[in-house]
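There are 2 protein chains.
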Amino acid sequence: MVGKLRGLGYKATPQRLAVLEALAAEQHQSLEELRGRCPGVGLVTMYRTLDLLSETGLVRRLDLGDGPRYELAEDHHHHMICESCGEVSEFEECPVDTRSLADLGFEVNAHSLEVYGRCAGCVGGERR
Amino acid sequence: MVGKLRGLGYKATPQRLAVLEALAAEQHQSLEELRGRCPGVGLVTMYRTLDLLSETGLVRRLDLGDGPRYELAEDHHHHMICESCGEVSEFEECPVDTRSLADLGFEVNAHSLEVYGRCAGCVGGERR
DNA sequence: TCACTAACTGAAAAATATTTTCAACTACAC
DNA sequence: GTGTAGTTGAAAATATTTTTCAGTTAGTGA
């Protein structure tokens with residue numbers, strides 16, 4: 001991580017390391033959540049660092065319907081979004097097979113899947 | 129569409145119909161793009177309508193890294209995002225099999241897949 | 001180890017984006 | 001038609017993001 005930053009000619013400052021550590025704590029956090037984990041980092045630097053990390057591809061910004069959120073760019077990442085209670089959870093097992101995309105000439109580096117539906121709790125309780 | 133709105137107790141106003149029509153013209157549009165297609169609709173109403181449509185599940189807001197965008201909530205939708213040139217395209221063939229999620233008790237209604245990599249043009253031209 | 005420099009930071013200000021308020025308007029049920 | 005709850009748009013308020021700029025610092029090379 002740090003190596004990648006330096007390799008691209010960027011400095012590994014304490015602020016950047018703090019943001020990376022905050023990102024590692026949990027996936028899809030909001031700016032405010034990240035700020036809570038980086039008390040020493042100024043607001044402007046948060047924005048700039050997240051921009052920088054997004055540009056280098058280390059971080060991805062996404063919006064699952066509740067405002068911008070950030071997460072470390074993993075090779076593949078899977079979200080399950082409950083349309084009843086709004087809960088966003090993650091799951092490991094990968095139901096995606098991107099091999100067919102090679103036929104379109106696209107070189108696949110990573111993917112992100114969002115599944116919308118109703119979580120076990122809402123299905124069980126028949127909550128609307 | 130209109131029926132669904134009315135069924136939920138909402139009125140089918142010309143503004144809402146205009147926004148729905150604008151959404152139908154193209155997927156993942158920004159607010160400004162949608163505004164361009166709805167000259168008669170005020171800015172506040174745009175925001176309110178998109179909120180309303182998102183709540184009813186007709187529309188989904190997403191952020192692929194370049195700010196919020198909106199699209200009609202299709203059952204499944206697949207984006208291909210080129211990390212070199214930033215182009216976002218869509219593809220039809222579905223490389224996702226969500227059947228395994230039933231084991232987790234999750235009831236799947238729809239999904240959205242984002243594939244990150246390099247598009248045919250960038251791979252061919254070796255553009256960085 | 002030290003000095004140099006390009007890169008970086010934070011506070012304030014500016015610019016943008018989004019939400020709230022409220023009086024006037026309208027779709028639609030009766 | 002009439003009544004009314006729901007809807008709209010303009011202005012104001014608020015929130016979010018970006019820019020500016022003077023001061024600081026990581027990392028390089030001597």
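From first to last, the protein sequence lines stand for chains A and B.
The first sequence begins at 1 in our numbering and counts up by one.
The second sequence begins at 129 in our numbering and counts up by one.
Beta carbons are placed, not taken as given, at the ideal position from N, Cα and C, and that holds for glycine.
Within-8 Å CB hit, H239(B) to chain A: yes
Straight-line Cα distance separating T184(B) from V19(A): 35 Å
Same chain only: Cβ atoms within 8 Å of L43(A), ignoring 5 sequence neighbours per side: R35
Three-state secondary structure assigned by DSSP to Q27(A): coil
Separation of Q15(A) from G3(A), as counted between CA atoms: 16 Å
Pick from N109(A), E114(A), K11(A) that is closest to C82(A), judged by C-alpha positions: E114(A)
Extent of the continuous alpha helix (DSSP H) to which C250(B) belongs: 248 to 253
Under the three-state DSSP convention, the category G86(A) falls into: coil
Contacts of P68(A) in chain B (Cβ-Cβ under 9 Å): D191, G195, P196
Residues bridged to P196(B) [DSSP beta-bridge criterion]: D191(B)
Residue from L50(A), A110(A), C85(A), G65(A) with nearest C-alpha to A22(A): L50(A)
Separation of D66(A) from E235(B), as counted between CA atoms: 21 Å
Run of the alpha helix (DSSP H) containing Y175(B), from where it starts to where it stops: 171 to 184
Neighbour flag for A248(B) against chain A, beta carbons, 8 Å: yes
Endpoints, the alpha helix (DSSP H) within which K4(A) is located: 2 to 7
7 Å Cβ cut-off: residues of chain B touching D97(A): P223
Through-space distance from R134(B) to A306(B), alpha-carbon basis: As displayed, chain B neither begins before 129 nor continues past 256, which places residue 306(B) out of reach and without an answer.
Cutoff 8 Å; reference P95(A); Cβ partners in own chain excluding five residues on either side: H78, L113
One or two residues paired with Y244(B) in a DSSP bridge: A110(A), I209(B)
Chain-order list of residues whose beta-carbon lies under 6 Å from that of V169(B) (same chain, five-residue window excluded): Q143, A146
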